[in-house]
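Novice: I have a structure here, written as structure tokens, and I will follow up with some questions on it.
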Amino acid sequence: MIKCIAIDDEFLALEIIENYVSKCPFLELVATFASPLEALSVLNGTGCDLLLLDINMPQVNGLDFLSAIANPPLAVLTTAYPQFALAGFEADVVDYLVKPFSFERFLKAVQKVQSRLAPVQVSGPEYLFIRSAHRMIRVDLDDILLLEGKKDYVAVHTPAQVIDTLTTLTAFQDKLPGKDFVRVHRSFIVALSKITAIERNIIYIGEMKVPIGDLFREELLRRIG
Numbered sequence: 001m002i003k004c005i006a007i008d009d010e011f012l013a014l015e016i017i018e019n020y021v022s023k024c025p026f027l028e029l030v031a032t033f034a035s036p037l038e039a040l041s042v043l044n045g046t047g048c049d050l051l052l053l054d055i056n057m058p059q060v061n062g063l064d065f066l067s068a069i070a071n072p073p074l075a076v077l078t079t080a081y082p083q084f085a086l087a088g089f090e091a092d093v094v095d096y097l098v099k100p101f102s103f104e105r106f107l108k109a110v111q112k113v114q115s116r117l118a119p120v121q122v123s124g125p126e127y128l129f130i131r132s133a134h135r136m137i138r139v140d141l142d143d144i145l146l147l148e149g150k151k152d153y154v155a156v157h158t159p160a161q162v163i164d165t166l167t168t169l170t171a172f173q174d175k176l177p178g179k180d181f182v183r184v185h186r187s188f189i190v191a192l193s194k195i196t197a198i199e200r201n202i203i204y205i206g207e208m209k210v211p212i213g214d215l216f217r218e219e220l221l222r223r224i225g
């Protein structure tokens, strides 16, 4: 769970951010503030992982505030002024959202944060036990080709079988080593080592075809270099 704080002097902007965060199961909105100075106690106390920060505010400029924090969290700037973009990236912010921004654009930004915060796995389990009906089936991670999210369950594809399990794709993603698997669509996670080809919007894993979602394309391209 990524804990985040939103700072914006516009009430409507904070409402929009609250709405967007509520749609992301991996985000927790700790607090919202109309002034950066009001947020100091939280940032210096319990802290947060992500700061959703406006730039042009009455009391203090958002970028100046960010540079003044001793141990700043990852930051995504939310502003109506695109001319601050270069300064924002020089401050090593994760992303820069120009108002008004859509939920899809917001999701893309916070997924970048999610990637940065993902722990580096030196070693991990080589298998999972997957509940299917009344059985617990052991599946070696190296045998998993892809995972397909259905309405009420996830289909785990291996060369030998397809295992259906009552869970969500997001919940399953948390169990998989991030270095070996990547989400490429709202309904698909694939094993990087099993990709045989990529053509336009399609990933080939042997004879199987998996679509690439627009929101996931950038992360996929980054992962495959």
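Mapping to full-length UniProt numbering: the sequence shown position 194 is 194, numbers consecutive.
Cβ atoms here follow ideal geometry from the backbone N, Cα and C, with glycine treated the same way.
Quantities reported herein were computed from a predicted structural model and do not represent experimental measurements.
1) Along the chain, where does the alpha helix (DSSP H) that runs through Val42 open and close?
2) Along the alpha helix (DSSP H) that carries Gly62, what are the first and last residues, could you check?
3) Assuming Ile130 is part of the beta strand (DSSP E), what are its boundary residues?
4) Measuring alpha carbon to alpha carbon, tell me which residue in Ile198, Ala160, Thr79 is nearest Leu12.
5) Using DSSP's beta-bridge definition, name the partner residues of Ile163.
6) Can the beta-carbon of Ile202 be found less than 9 Å from the beta-carbon of Val190?
7) Assign Tyr127 to one of two classes, buried (16 or more other C-beta atoms within 10 Å of its C-beta) or exposed (fewer than that).
8) Residues bridged to Glu199 by DSSP?
9) Taking contact to mean 3 or more Cβ pairs, one atom from each stretch, closer than 8 Å, check whether the stretch 13-30 and the stretch 99-107 are in contact.
10) Based on DSSP bridge pairs, tell me the residues matched to Ala31.
11) Short of 7 Å in beta carbon distance, which residues of its chain neighbour Asp143, apart from the five on each side in sequence? Order them along the chain.
12) When you compare each of Asp49, Ser115, Asn44 to Arg222 by their alpha carbons, which one comes out closest?
Specialist: The structure says:
1) Here the alpha helix (DSSP H) through Val42 covers 40-44.
2) DSSP places Gly62 in the uninterrupted alpha helix (DSSP H) bounded by 62-68.
3) Annotation: the continuous beta strand (DSSP E) that includes Ile130 extends over 127-132.
4) It is Thr79.
5) In DSSP, Ile163 forms a bridge with Val156.
6) Against a cut-off of 9 Å, the Cβ pair of Val190 and Ile202 comes out as no contact.
7) Looking at its Cβ environment, which holds fewer than 16 other Cβ atoms inside 10 Å, Tyr127 is exposed.
8) Residue pairing of Glu199 in beta bridges, as defined by DSSP: Ile202.
9) Verdict: yes, contact present.
10) Beta-bridge pairing links Ala31 to Ile5.
11) The beta carbon of Asp143 sits closer than 7 Å to those of Thr158, Pro159, all from its chain and outside the five residues before and after it, given in chain order.
12) Checking every option, the nearest Cα to that of Arg222 belongs to Ser115.
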